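Engineer:
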């Protein structure tokens, strides 16, 4: 990695200070709102993606608050069960497709061209499309909550026959919104692949690419492999429900269990789509603040590729209780456990990177360290769930909810926050409000554990997920969980304030390198990053 | 470094189209896979031919029959014989009683499922009401026969298996022989 950073940058030092204003080069660019609607600039589109993801994060978070308010006490007090089901369903869909995935795509837009020395994404007009169809997808999804009969209430996994036989007419809206989200993701993924394959600066060989670029390249391949399968699955649900086919209807020769196979063939690679870019982010941040090159760069690349390949042969571990033959359960159990090997390689590499490093604890590093510890907890509970016989007990309980929130909230979301804190000084040219950011970190860290850790206990004790009521013995833990949830939700408003202040360019100007130990092409250009960078490719030695 | 963008985009779009097709190809692949391995508990959907092979008197297998009706299906449906002990290789017959208590003519389709699933490969039905949909006039009742033999190749560790029939209301889809094929497309469009 250190080799990749000996760079001759034509931009560096040559930039006129006036050049650093956004849009300076674009004398004919539209202004106001049309600038954002018509933009093909990777930085603008990255910003749009990130703000969109943040808004969706708050919307999905508000739904989580409804869920936790209802579960604050046993019994039904605030919402109807059908509305509760809509909240769990749409919360999941929004967080997966509206918050985590667009946030990663936004980071890819901002960072991939800057990291490989490219002037922009390879397909800038398609880039504009892939962002601007997303607001329509989520408007359709959210509007479905207000139609007669309510929105989707069958869980984000939309198992047949819940989604085909027992769902409302708004299922059509759900299907179309998922189609649009899928098209958006596929276009974004194609753009990332073409950019990385064709637009690397001279000398930027494969094994010099920063790990964020590597992990995103592999993620993009996962996306184009499985998003079309999701599109197929929702299409089959649509035709089963409205056009009389029987893909998942046993009476017509179909099979509802087949739905789960098709869904999880998409669904399991999908969970790696949501975590591989996080691995890339942590692999950028930890070396910076440990002031050491990343330990085991090549093994990180191979581990990422191994995880991606293994993700295609483990899907049925979500379905151990459907009555599979023992041989199949054994296969999926061991294949799942095998994934912990490359994942372990990554965790140990991060720890080895920090070993005897000159560590400092700036805000991005705090989030990265929290990621390493808490993601590992999520990984270990995943290993417990992989064991077939115990999965029969854990299946569909709050233990599963605890597991995937540890990997997605303290994993994916924390990595996104780490990334934003790490790179936003480069984007705005100003340091964010560090005091508030530390408040954000510590409030989030404590509340997120109050929120999710007790879920392990109630899950092991048998509390089922996706139910608006629970047995009395779970009352105390649920009260704590809800309080943690409200605190975590409020903590994100601190993040909102920090981001608004940062985008208004309040704060001290930063140097080009921003962080003392930062290495990579994006730190060679001026801060804030000019609207156009690397119009002449840098030479990477 | 720069290759052709359009060539690469074309390749990637082909992958996307291929994976979309693969999602649908999973449907027949799933059926074929389950047919070959018998892991889904699905039984033969057309009549098997009974060739009077040697009856294995040394083994006795208990076959249990359970019935249920799908949600919203008003028919009475029960097995006249709850449990039968058979020798592998001998031909047996059991009967199922159905009554349509509704005030309208209805059509039902029975879907079998065998547990443990591995036994499904060795359950050969020479006659079954589940091969066709079953119409019944309002208030009508009927005894439906099912003839089967257990393949002597049945693994030794299986001494007991359960055959479950679920009765679905397919009145709106009309009386057709949907079990003669497994393709959901064909079953839908064949009626038109």
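Protein chains in written order, with the numbering used here: chain V, -3 to 537; chain G, 5 to 196.
Glycine included, each C-beta is placed from N, C-alpha and C at the ideal position.
The structure displayed is predicted, hence computed values, not measured ones.
#1: For the pair the stretch 97 to 116 of chain V and the stretch 154 to 163 of chain V, tell me if three or more CB-CB distances fall below 8 Å.
#2: Pull up the distance between the alpha-carbon of residue 105 (chain G) and that of residue 51 (chain V), whole angstroms please.
#3: Which residues in the same chain as residue 397 (chain V) place their Cβ atom closer than 6 Å to its Cβ, once the five residues preceding and following it in sequence are excluded?
#4: Going by C-alpha to C-alpha distance, which of V:60, V:123, V:402, V:511 sits closest to residue 271 (chain V)?
#5: Is residue 186 (chain V) close to chain G, meaning its C-beta is less than 8 Å from at least one C-beta of that chain?
#6: Anyone know if the C-beta pair for residue 160 (chain G) and residue 128 (chain G) falls short of 8 Å?
#7: Looking at the secondary structure, which residues open and close the beta strand (DSSP E) in which residue 134 (chain G) lies?
#8: Can you find a C-beta in chain G that's less than 8 Å from the C-beta of residue 539 (chain V)?
#9: Please confirm whether residue 9 (chain G) has its beta-carbon closer than 8 Å to some beta-carbon of chain V.
#10: Taking DSSP as the reference, what is the three-state secondary structure of residue 167 (chain G)?
#11: For a cutoff of 8 Å on Cβ pairs, would you count residue 3 (chain G) as touching chain V?
#12: Count the other CB atoms, across all protein chains shown, that sit within 10 Å of the CB of residue 519 (chain V); report buried if there are 16 or more and exposed otherwise.
#13: Would you say residue 170 (chain G) reaches chain V, if we count a Cβ-Cβ gap shorter than 8 Å as a contact?
#14: Quick check: the Cα distance between residue 330 (chain V) and residue 521 (chain V), rounded to an integer number of angstroms?
#15: Going along the stretch 224 to 235 of chain V in order, which residues come within less than 7 Å of chain G, judged by CB to CB distance?
#16: For a test of the three-state rule: what should DSSP assign to residue 200 (chain V), helix, strand or coil?
#17: Would you verify that the beta carbon of residue 16 (chain G) is, or is not, closer than 8 Å to some beta carbon of chain V?
#18: Check whether the Cβ atoms of residue 209 (chain V) and residue 189 (chain V) sit closer than 8 Å, and answer yes or no.
#19: Taking 8 Å as the cut-off, does the stretch 53 to 62 of chain G touch the stretch 75 to 95 of chain G (at least 3 CB pairs, one atom from each stretch)?
#20: In this structure, how does DSSP classify residue 99 (chain G) when only helix, strand and coil are distinguished?
#21: With 8 Å as the threshold, decide whether the Cβ of residue 129 (chain V) is near any Cβ in chain G.
#22: State buried or exposed for residue 11 (chain G), treating a residue as buried only when at least 16 other CB atoms are found within 10 Å of its CB.
#23: Can you find at least 3 beta carbon pairs, one from the stretch 364 to 376 of chain V and one from the stretch 338 to 352 of chain V, that sit closer than 8 Å?
#24: Give the residues of chain G in contact with residue 38 (chain V), contact being defined as C-beta atoms less than 8 Å apart.
#25: Is it buried or exposed, residue 265 (chain V), if we count other Cβ atoms within 10 angstroms and call 16 or more buried?
#26: Would you call the CB atoms of residue 550 (chain V) and residue 446 (chain V) closer than 8 Å?
#27: Less than 8 Å between the C-beta atoms of residue 146 (chain G) and residue 102 (chain G), yes or no?
#28: Starting from the C-beta of residue 186 (chain V), find all residues in its chain whose C-beta is less than 8 Å away, skip the five residues before and the five after it, and write them out in chain order.
#29: Determine the direct distance from the alpha carbon of residue 290 (chain V) to that of residue 279 (chain V), and round the result to whole angstroms.
#30: Among the candidates V:57, V:334, V:430, whose CA atom is the shortest distance from the CA of residue 375 (chain V)?
#31: What residues of chain V sit near residue 174 (chain G), judged by a beta carbon separation below 8 Å?
#32: Going straight from the alpha carbon of residue 20 (chain V) to that of residue 29 (chain V), what length do you get?
#33: Using DSSP bridges, identify the partner residues of residue 128 (chain G).
#34: How about residue 264 (chain V): is its C-beta nearer than 8 Å to some C-beta of chain G?
#35: Can you pull out the residues from the stretch 101 to 131 of chain V whose beta carbon lies closer than 8 Å to at least one beta carbon of chain G?
#36: By Cβ distance, which residues of its chain are closer than 7 Å to residue 18 (chain V), with the 5 residues on each side in sequence left out?
Structural biologist: To lay it out plainly:
#1: Counting Cβ pairs under 8 Å, fewer than three are found: no touch.
#2: Answer to the nearest angstrom: the Cα atoms are 55 Å apart.
#3: So the qualifying residues of the chain are 451, 461.
#4: Taking only the C-alpha atoms, the option nearest residue 271 (chain V) is V:402.
#5: Taking Cβ atoms only, chain G reaches closer than 8 Å to residue 186 (chain V), which makes this a yes.
#6: Between residue 160 (chain G) and residue 128 (chain G), the C-beta spacing is not below 8 Å.
#7: No beta strand (DSSP E) contains residue 134 (chain G), which DSSP labels as neither H nor E.
#8: Absent from the model: residue 539 (chain V). The displayed extent of chain V is -3 to 537, so no value can be given.
#9: With 8 Å as the cut-off, residue 9 (chain G) counts as an interface residue toward chain V.
#10: In this structure, residue 167 (chain G) counts as strand in the three-state DSSP scheme.
#11: Because chain G is modelled from 5 through 196, residue 3 (chain G) falls outside the range shown and cannot be assessed.
#12: Residue 519 (chain V) should be labelled buried.
#13: So yes, residue 170 (chain G) belongs to the interface.
#14: Going from the Cα of residue 330 (chain V) to the Cα of residue 521 (chain V) covers about 47 Å.
#15: When CB distances to chain G are screened at a threshold of 7 Å, the residues of the stretch 224 to 235 of chain V falling below it are 224, 225, 227, 228, 229, in chain order.
#16: Here residue 200 (chain V) sits in coil by DSSP.
#17: With 8 Å as the cut-off, residue 16 (chain G) counts as an interface residue toward chain V.
#18: Residue 209 (chain V) is not a Cβ neighbour of residue 189 (chain V), given a cutoff of 8 Å.
#19: Yes: the two stretches touch, three or more of their Cβ pairs being nearer than 8 Å.
#20: Residue 99 (chain G) falls in the strand class under three-state DSSP.
#21: With 8 Å as the cut-off, residue 129 (chain V) does not count as an interface residue toward chain G.
#22: Exposed, by the Cβ-count rule.
#23: Touching, per the Cβ criterion.
#24: Per Cβ cutoff of 8 Å: no residues; residue 38 (chain V) is ~15 Å from chain G at best.
#25: In summary, residue 265 (chain V) is buried, with 16 or more beta-carbon neighbours lying within 10 Å of its beta-carbon over all protein chains present.
#26: The displayed coordinates of chain V run from -3 to 537. Any statement about residue 550 (chain V) would go beyond what the structure contains.
#27: Yes. Within cutoff.
#28: Excluding residues within five positions, the ones whose Cβ falls inside 8 Å are 119, 122, 216, 220.
#29: Using only the alpha carbons, I get a separation of about 7 Å.
#30: That would be V:334, whose Cα lies nearest to the Cα of residue 375 (chain V).
#31: Neighbourhood of residue 174 (chain G) in chain V, by CB distance below 8 Å: 247, 248, in chain order.
#32: Because the pLDDT at residue 20 (chain V) is just 47, under 50, the model does not fix this residue reliably, and the point stays unresolved.
#33: BP columns for residue 128 (chain G) point to G:153.
#34: Proximity of residue 264 (chain V) to chain G, defined by a Cβ-Cβ separation below 8 Å, is not satisfied.
#35: For the stretch 101 to 131 of chain V, which is checked against every Cβ of chain G, the residues closer than 8 Å are 118, 119.
#36: Here the model assigns residue 18 (chain V) a pLDDT of 47, short of 50, so the residue's position is not dependable, and the following value carries that caveat. Beyond the five residues adjoining it in sequence on each side, residue 18 (chain V) comes within less than 7 Å, by CB distance, of 527 in the same chain, given in chain order.
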